[in-house]
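Numbering of the sequence shown is given in UniProt numbering, commencing with residue 1 and proceeding in unit increments.
For every residue, glycine included, the Cβ atom is placed at its ideal position computed from N, Cα and C.
Here the structure is a predicted model, which means the values were calculated and not measured.
Okay, so here's the structure we're looking at.
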Amino acid sequence: MVCNTAKQALVSFQETNEIPSRLFLINTSFRDVELHNYLSSQYHQAQVSISPSKPLKQPAIHTNQNELLQYFHHLAHLSLVTFSTTTAGIRDTLMRMAMINNSASASALLHAMLAYSSLHHHGLSETSLKFKVQALHLLSTSAEDGELSLVNASQHVAASMLLGSFETLRPSESSGEWLWHIWGAVDVIQATQLSDHSSENEAYVLIDWVNYHHTLSRFSTQHWRHKSLASKASKKPMQLFRRRTTSPLSIYRPNHPSIDPTSSIMSLLFEACNTYMDPQDPQSQSPEYRNSLRRLEAQVDDLIASPVPNDLNPESAFALELYRVATRIYIARASQSPWEAPAVLDSLVDALFNGPVASCTCIHFFPLLILACESRRDDQRVAILNLIDRTQRDARIRSMKAVTNAIQAVWVQQDLHADSEVLVNYMDLLSIGISSSSSIPSFA
Numbered sequence: 001m002v003c004n005t006a007k008q009a010l011v012s013f014q015e016t017n018e019i020p021s022r023l024f025l026i027n028t029s030f031r032d033v034e035l036h037n038y039l040s041s042q043y044h045q046a047q048v049s050i051s052p053s054k055p056l057k058q059p060a061i062h063t064n065q066n067e068l069l070q071y072f073h074h075l076a077h078l079s080l081v082t083f084s085t086t087t088a089g090i091r092d093t094l095m096r097m098a099m100i101n102n103s104a105s106a107s108a109l110l111h112a113m114l115a116y117s118s119l120h121h122h123g124l125s126e127t128s129l130k131f132k133v134q135a136l137h138l139l140s141t142s143a144e145d146g147e148l149s150l151v152n153a154s155q156h157v158a159a160s161m162l163l164g165s166f167e168t169l170r171p172s173e174s175s176g177e178w179l180w181h182i183w184g185a186v187d188v189i190q191a192t193q194l195s196d197h198s199s200e201n202e203a204y205v206l207i208d209w210v211n212y213h214h215t216l217s218r219f220s221t222q223h224w225r226h227k228s229l230a231s232k233a234s235k236k237p238m239q240l241f242r243r244r245t246t247s248p249l250s251i252y253r254p255n256h257p258s259i260d261p262t263s264s265i266m267s268l269l270f271e272a273c274n275t276y277m278d279p280q281d282p283q284s285q286s287p288e289y290r291n292s293l294r295r296l297e298a299q300v301d302d303l304i305a306s307p308v309p310n311d312l313n314p315e316s317a318f319a320l321e322l323y324r325v326a327t328r329i330y331i332a333r334a335s336q337s338p339w340e341a342p343a344v345l346d347s348l349v350d351a352l353f354n355g356p357v358a359s360c361t362c363i364h365f366f367p368l369l370i371l372a373c374e375s376r377r378d379d380q381r382v383a384i385l386n387l388i389d390r391t392q393r394d395a396r397i398r399s400m401k402a403v404t405n406a407i408q409a410v411w412v413q414q415d416l417h418a419d420s421e422v423l424v425n426y427m428d429l430l431s432i433g434i435s436s437s438s439s440i441p442s443f444a
């Protein structure tokens, strides 16, 4: 059987006289079987090692900077990932901030914009890398100049965000650097108290953009396990599930306005990522922990029950609906609680598959991954594959390789465990999927 990418996770049933009807074939690989055996073992470490692929070498491309700025204004900005702020709003903010003064931070922002535009237009090249390196050098110079003014701090944050977007636009071996750029932007916001001035329009747009990506970075780091499976046998139980350490400055609570429906769901997702405990942790059985999960579930249920604002465009309305349902599913499944997941989840998932999933595109990767984990039937998986195919045709979309890799890995493990007596840990399953890429992926 010949399959391509995520379609390899689909089950091919054989109906013959010689083969009983309950037997089926799964198009998989040695690595998938290794992961299956690993998940079925007594101890779980959920750390995956993937052989990285080599980035394509491309010739140097010499392009006029003004042309790159025009390209960013007309097209490249559309690939910037936002949620409650439009890409046009982000574009206008970035271009104004880059022209305010001649400081090192303004120049860093300009070069980051040129790097992103060049990468978007021509792919990875000497030109895009040159602009990226210059932006990094200028950011370093800006940081060494002493205390940043609010204007310079905003430019510094904006440049960091564009460099992070550069890494996720067309992922390569070093694309995990996006995480450090996002955390760097967060650190500058905290160190300069920039969030205290978020009432100003440009500062609000910028901080809202940072908070969105920082929230999704917490999800990625929650599930990133990248150590060889071969070492699991030498680990003691107490050594399992070591979490990735993060910078203290970078672990902060974004100030999502509760009156904003898009920000409200981001706030609850961030809290869920910070609240989650490993099921093997004795504290995960405490009444306090279970009550905190119930409270989060109730808050998301309240958001789901509230209507989607009429002023949202269809794409934003679909994204908000997806995030609400995906966050509700994630909290329910990740809790590993003794109570049954509410029946309302099935109706919510069915409503999405019977409605927008069949016709819309999805530029946000977190809800796409969570919804794909809920698609157990072949028709649902086909709907997800069709959704991915429609989305990839959109010229705005960055590479979807990481999310399709994750979905494929999750589906294969679900199929391999279909008739198993071992109950697969939901968080382990997500970790296997997310760790299937060679560098930590962004699901923004």
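For the alpha helix (DSSP H) containing residue 362, list its first residue and its last residue. Along the sequence shown, one-based indexing puts residue 362 at 362. Where residue 362 is concerned, there is no enclosing alpha helix (DSSP H), given that its DSSP letter is neither H nor E.
Cutoff 6 Å; reference residue 349; Cβ partners in own chain excluding five residues on either side: For the purposes of this step, residue 349 is taken as the residue at position 349 of the sequence shown. Around residue 349: 374.
Should residue 161 go down as buried or exposed, given a rule of 16 or more other Cβ atoms within 10 Å for buried? As a working note, residue 161 is residue 161 in the sequence shown. When all chains shown are included, residue 161 counts as buried.
Are residue 120 and residue 76 close, meaning C-beta to C-beta below 8 Å? If you number the sequence shown from 1, residue 120 lands on position 120. If you number the sequence shown from 1, residue 76 lands on position 76. Closer than 8 Å, so yes.
Kindly list the residues whose CB is nearer than 6 Å to the CB of residue 357, restricted to its own chain and excluding five residues on each side of it in sequence; keep chain order. Locating residue 357 in the sequence shown gives position 357, counting from the first residue. Only 383 and 387 meet the Cβ criterion.
Report all residues from its chain with a CB closer than 6 Å to the CB of residue 399; omit the five preceding and five following residues, and keep chain order. Reading the sequence shown from its first residue, position 399 is the one you call residue 399. Excluding residues within five positions, the ones whose Cβ falls inside 6 Å are 170 and 171.
Coarse secondary structure for residue 442, derived from DSSP in three states: Against the sequence shown, residue 442 aligns to sequence position 442. If DSSP states are grouped into helix, strand and coil, residue 442 belongs with coil.
Roughly how many angstroms separate the alpha carbons of residue 275 and residue 326, rounded to a whole number? Here residue 275 refers to the residue found at position 275 when the sequence shown is read from its first residue. Here residue 326 refers to the residue found at position 326 when the sequence shown is read from its first residue. The alpha-carbon atoms of residue 275 and residue 326 are separated by roughly 17 Å.
For residue 125 and residue 308, I'd like the C-alpha separation in whole angstroms. If you number the sequence shown from 1, residue 125 lands on position 125. If you number the sequence shown from 1, residue 308 lands on position 308. Computed Cα separation, rounded: 42 Å.
Cutoff 8 Å; reference residue 352; Cβ partners in own chain excluding five residues on either side: Numbered from 1 along the sequence shown, position 352 holds the residue referred to as residue 352. Counting only Cβ-Cβ distances below 8 Å, and skipping sequence neighbours, we find 321, 322, 325 and 371.
Reduced DSSP secondary structure (H/G/I, E/B, other) of residue 266: For the purposes of this step, residue 266 is taken as residue 266 along the sequence shown, with counting starting at 1. Three-state result, residue 266: helix.
At 3 residues or longer, and completely inside the region 266–293: list those beta strand (DSSP E) runs for me, N to C. none
Are the CB atoms of residue 114 and residue 65 within a distance shorter than 8 Å? Position 65 of the sequence shown, counted from the start, is the residue given in the question as residue 65. Position 114 of the sequence shown, counted from the start, is the residue given in the question as residue 114. Cβ atoms of residue 65 and residue 114: closer than 8 Å.
Exposed or buried, residue 291, counting other C-beta atoms within 10 Å across all chains shown (16 or more means buried)? The residue you call residue 291 lines up with position 291 of the sequence shown. Residue 291 should be labelled exposed.
Rounded to a whole number of angstroms, what is the C-alpha to C-alpha distance between residue 261 and residue 303? Along the sequence shown, one-based indexing puts residue 261 at 261. Along the sequence shown, one-based indexing puts residue 303 at 303. If you take the alpha carbons of residue 261 and residue 303, they lie about 8 Å apart.
The region 201–219 touching the region 264–273, judged by at least three CB pairs closer than 8 Å: yes
Check whether the region 133–149 and the region 78–90 are in contact - that is, three or more C-beta pairs closer than 8 Å. no
Take the Cβ of residue 334 as the centre, count every other Cβ of all protein chains shown within 10 Å, and call the residue buried at 16 or more, exposed below. Position 334 of the sequence shown holds residue 334. So residue 334 ends up on the buried side.
Quick one: give me the first and last residue of the alpha helix (DSSP H) that residue 164 is part of. Translated into the one-based positions of the sequence shown, residue 164 becomes position 164. Note, residue 164: alpha helix (DSSP H), 150–169.
Evaluate residue 313 with the Cβ neighbour count: other Cβ atoms within 10 Å of its Cβ, from every protein chain shown; 16 or more gives buried, anything less gives exposed. One-based indexing of the sequence shown puts residue 313 at position 313. When all chains shown are included, residue 313 counts as exposed.
Which residue marks the beginning of the alpha helix (DSSP H) containing residue 393, and which one marks its end? For the purposes of this step, residue 393 is taken as residue 393 along the sequence shown, with counting starting at 1. First-last for residue 393: undefined, no H or E at that position.
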